[in-house]
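Here the structure comes first, spelled out in structure tokens, and everything after it is commentary.
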Amino acid sequence: NQNGFFREQQKPSASVLLSLHPGRTLDRAQVAGIVHLVSWSVPELDPKNVSVLDQTGALLTSGERSQNGGMDAQQLQYVNQIETGYAKRIADLLEPIVGRDNLRATVTADVDFSQREATSEEFRPNQGDKAAVVIRSQQTSEQNGANGATPSGVPGAASNQPPVAATAPLTGAAQPLQTAQGGAAGAAGNSGRRDATTNYEIDKTVRVTRNASGNVKRLNAAVVVNNRSVTDPKGKTTQVPLTDPEIEKLATLVRESIGFNKDRGDSVKVVNAPFKIEVIPQVDVPLWKQPEVIDMLRAAAVPLALAFVALLVFFGLVRPALNAALAPPPPPEPGSKLAEVVDDAQELPALPAPKNTDHLDGARALAKENPAAVAGILRGWVNGETAPAKA
2 NQNGFFREQQ KPSASVLLSL HPGRTLDRAQ VAGIVHLVSW SVPELDPKNV SVLDQTGALL
62 TSGERSQNGG MDAQQLQYVN QIETGYAKRI ADLLEPIVGR DNLRATVTAD VDFSQREATS
122 EEFRPNQGDK AAVVIRSQQT SEQNGANGAT PSGVPGAASN QPPVAATAPL TGAAQPLQTA
182 QGGAAGAAGN SGRRDATTNY EIDKTVRVTR NASGNVKRLN AAVVVNNRSV TDPKGKTTQV
242 PLTDPEIEKL ATLVRESIGF NKDRGDSVKV VNAPFKIEVI PQVDVPLWKQ PEVIDMLRAA
302 AVPLALAFVA LLVFFGLVRP ALNAALAPPP PPEPGSKLAE VVDDAQELPA LPAPKNTDHL
362 DGARALAKEN PAAVAGILRG WVNGETAPAK A
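Residues in the sequence shown are numbered from 2 upward in steps of one, following this note's numbering.
Okay, here's the thing in structure tokens:
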């Protein structure tokens, strides 16, 4: 509901259930394509609210957190790639020594996906050469003036009275001369003031540290090596366990292949044990049941059906119509030619009159005398008889 009066609106969500062929899986790009197709088909549907599952109930989308330490599918896939890569390194290094199918290696990686960010600021006073110091701001204030006419002394009536007559002191010491100015002996002269303020730039350092996500905190590698095969001079093959120095050499190679770090707590364990290899019979799947063949037949079914329908239409309708249109007309019957000549006598051009009319006059006379005989003769001509009928 998009009405503005409803403040609380439930966000849409969608679930997609896929039925995959046995042994078939979808990669991340295909799953992402399904998620975006569904999210763009529904208004206001966030791709994070779309869940894609297969027929076994396995979650194919990576938006949901799994129960394994709160990691999502992408983080689990990253850890799996790291562990698989280290295990492949160990196998590629030891297989030329112990033989193929004579070892099993697994690696467990502890990966830190936490993200940390630290910001620090450092202030240091200006040190070194003063000439290299950067001045930020500087302000100077200076005042100069003369004070000769400025009145001074003790205010009051005593300063306004005339001076007292001088008397000789009894002790022989001269008395100071009292004047009206009193304490204004040094009133005359110059005065000055200067204020200077200088602000210097402070040496400031700001550091922002971000730790990369996905660092390997610890690696644990476990390797199981099969016994060594030894053939005696008689051709008999026996399984002999590895010695301790041989196992230690293999462990050293494993440590070097995975970048062993003792400070972070890595551990490597190499064990020698006999393998029990079971031969599993291979089940042959019929050709018509293989998924590749089924997909190919499904893709070719529509073109084949269209071609079959086109052949039916051509041989059932088009070809008979063409044969009927292009077939020559049937030959006329023998008696139909005379009928056509008799019926179309008026349309034929007239023959020139014969010069000898005696036969015509005789025929007319015969027709008048014996019309039955003349009718029999004409009937015989029409029926194709060569000999005329006798009257």
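Every residue, glycine too, gets a C-beta built ideally from N, C-alpha and C.
| field | Contact set for V375: own chain, Cβ-Cβ below 7 Å, skip 5 residues either direction | value | Start at 1 with the first residue of the sequence shown, and residue 375 comes out as number 374. Cβ within range, chain order: L367, A368.
**Q.** Contacts around H37, its chain only, beta-carbon distance under 7 Å, and the 5 residues preceding and following it disregarded
**A.** Counting from 1 along the sequence shown, the entry for residue 37 is found at position 36. Excluding positions up to five away in sequence, the list reads P48.
- request: Measuring alpha carbon to alpha carbon, tell me which of V286, A222, Q240, D362 ends up nearest T107.
  value: Start at 1 with the first residue of the sequence shown, and residue 107 comes out as number 106. Checked all of V286, A222, Q240, D362; the closest Cα to T107 is A222.
Query - DSSP state of G187 mapped onto helix, strand, coil - result: In the sequence shown, counting from the first residue as 1, residue 187 sits at position 186. For G187, the predicted structure reports a pLDDT of 45, less than 50, and the residue's modelled location is therefore unreliable. A value from the coordinates is still provided. Coil, per DSSP.
*What number of angstroms, rounded off, separates the C-alpha of S138 from the C-alpha of R194?*
On the sequence shown, position 137 is the one that residue 138 refers to. On the sequence shown, position 193 is the one that residue 194 refers to. Answer to the nearest angstrom: the Cα atoms are 21 Å apart.
Review point. Between R208 and the rest of its own chain, which residues show a CB-CB distance below 6 Å, the 5 nearest in sequence each way excluded?
Key: To locate residue 208, count along the sequence shown from 1; it is residue 207. Around R208: S121.
Quiz prompt | Neighbour-count burial assignment, L95, 16 or more Cβ in a 10 Å radius | solution = Along the sequence shown, one-based indexing puts residue 95 at 94. The residue is buried, with at least 16 neighbouring Cβ atoms inside 10 Å.
Practice task
Report all residues from its chain with a CB closer than 7 Å to the CB of L461; omit the five preceding and five following residues, and keep chain order.
Solution key: Not covered by the structure: residue 461. The range shown for the chain is 2 to 392.
* **Cα-Cα separation between L220 and G236, rounded to whole angstroms** => For this step, residue 220 is matched to residue 219 along the sequence shown. For this step, residue 236 is matched to residue 235 along the sequence shown. Rounded to the nearest angstrom, the two C-alpha atoms are 43 Å apart.
Does the separation of the CB atoms of A110 and I83 fall below 7 Å? One-based indexing of the sequence shown puts residue 110 at position 109. One-based indexing of the sequence shown puts residue 83 at position 82. Yes. Within cutoff.
TODO: Tell me whether G86 counts as near the ligand HEM, meaning its Cβ is closer than 6 Å to at least one heavy atom of that ligand.
DONE: Annotation note on the ligand HEM: not contained in the displayed structure, which lists no ligands.
Between which two residues does the beta strand (DSSP E) carrying K218 extend?
Here the question's residue 218 lines up with position 217 in the sequence shown. Element bounds for K218: 216 to 226.
Is it the case that the Cβ atoms of P242 and N228 are separated by a distance below 7 Å? Taking the sequence shown and counting its residues from 1, the one referred to as residue 242 is at position 241. Taking the sequence shown and counting its residues from 1, the one referred to as residue 228 is at position 227. Contact: yes.
Residue of F261, G24, Y87, V80 minimising C-alpha distance to T57 = Position 56 of the sequence shown, counted from the start, is the residue given in the question as residue 57. If we check each option's Cα against that of T57, G24 comes out closest.
Does the separation of the CB atoms of V272 and A252 fall below 7 Å?
Translated into the one-based positions of the sequence shown, residue 272 becomes position 271. Translated into the one-based positions of the sequence shown, residue 252 becomes position 251. It is not a contact, given that the beta carbons lie outside the stated cut-off.
Distance, S268 Cα to Y79 Cα
Counting from 1 along the sequence shown, the entry for residue 79 is found at position 78. Counting from 1 along the sequence shown, the entry for residue 268 is found at position 267. C-alpha separation (whole angstroms): 21 Å.
Taking the alpha-carbon positions, what's the E249 to D233 distance? What you label residue 249 is simply residue 248 of the sequence shown in a count that begins at 1. What you label residue 233 is simply residue 232 of the sequence shown in a count that begins at 1. Cα to Cα, E249 sits roughly 26 Å from D233.
- prompt: Cβ atoms of V53 and S40: under 7 Å apart, would you say?
  reply: By 1-based counting over the sequence shown, the position of residue 40 is 39. By 1-based counting over the sequence shown, the position of residue 53 is 52. No, they are not a contact pair.
inquiry  = Suppose you measure from the CA of L61 to the CA of E123; what does that come to, to the nearest Å?
reply    = As a position in the sequence shown, residue 61 is number 60, starting the count at 1. As a position in the sequence shown, residue 123 is number 122, starting the count at 1. Their Cα atoms are separated by approximately 49 Å.
As assigned by DSSP and simplified to three states, the class of R208
Taking the first residue of the sequence shown as 1, we reach residue 208 at position 207. Three-state result, R208: strand.
message: Here's the rule: buried if 16 or more other CB atoms are within 10 angstroms of the residue's CB, otherwise exposed. What is A91?
response: Here residue 91 refers to the residue found at position 90 when the sequence shown is read from its first residue. Inspection of the sequence shows that residue 91 is occupied by Ile rather than by Ala. By the neighbour-count rule (16 or more Cβ atoms within 10 Å), I91 is buried.
inquiry  = Can you list, in chain order, the residues of its chain with a C-beta nearer than 6 Å to that of D113? Leave out the 5 residues immediately preceding and following it.
reply    = Here the question's residue 113 lines up with position 112 in the sequence shown. Contacts found: N216, K218.
| request: Would you kindly work out how many angstroms separate the C-alpha atoms of A328 and L379, rounded to a whole number? | output: Locating residue 328 in the sequence shown gives position 327, where the first residue counts as 1. Locating residue 379 in the sequence shown gives position 378, where the first residue counts as 1. Cα to Cα, the separation comes out at about 37 Å.
Going by Cα to Cα distance, which pick from L19, T85, Q76 is closest to A59? Reading the sequence shown from its first residue, position 58 is the one you call residue 59. If we check each option's Cα against that of A59, L19 comes out closest.
*Could you check where the beta strand (DSSP E) with S52 kicks off and where it finishes?*
Start at 1 with the first residue of the sequence shown, and residue 52 comes out as number 51. Residues 51 to 54.
Check your understanding: For the putative contact between L104 and V284, defined by C-beta atoms under 8 Å, what is the C-beta separation to the nearest angstrom?
Key -> Here residue 104 refers to the residue found at position 103 of the sequence shown. Here residue 284 refers to the residue found at position 283 of the sequence shown. Rounded, the Cβ-Cβ distance is 28 Å, inconsistent with contact.
Quiz item: Which term fits S258, buried or exposed, when burial requires 16 or more other beta carbons within 10 angstroms of its beta carbon?
Solution: On the sequence shown, position 257 is the one that residue 258 refers to. By the 10 Å Cβ count, S258 comes out buried.
Contact check, Q140 vs T198 under 8 Å by CB: the rounded distance?
As a first step, residue 140 is located in the sequence shown; it is residue number 139 there, counting from the start. As a first step, residue 198 is located in the sequence shown; it is residue number 197 there, counting from the start. Yes, Q140 and T198 are in contact; Cβ-Cβ is about 4 Å, under 8 Å.
Taking only three categories from DSSP, how would you classify S115? Taking the sequence shown and counting its residues from 1, the one referred to as residue 115 is at position 114. The answer is coil: DSSP assigns S115 none of H, G, I, E or B.
According to DSSP, is L18 part of a helix, a strand, or is it coil? The residue given as residue 18 occupies position 17 in the sequence shown. Strand at L18.
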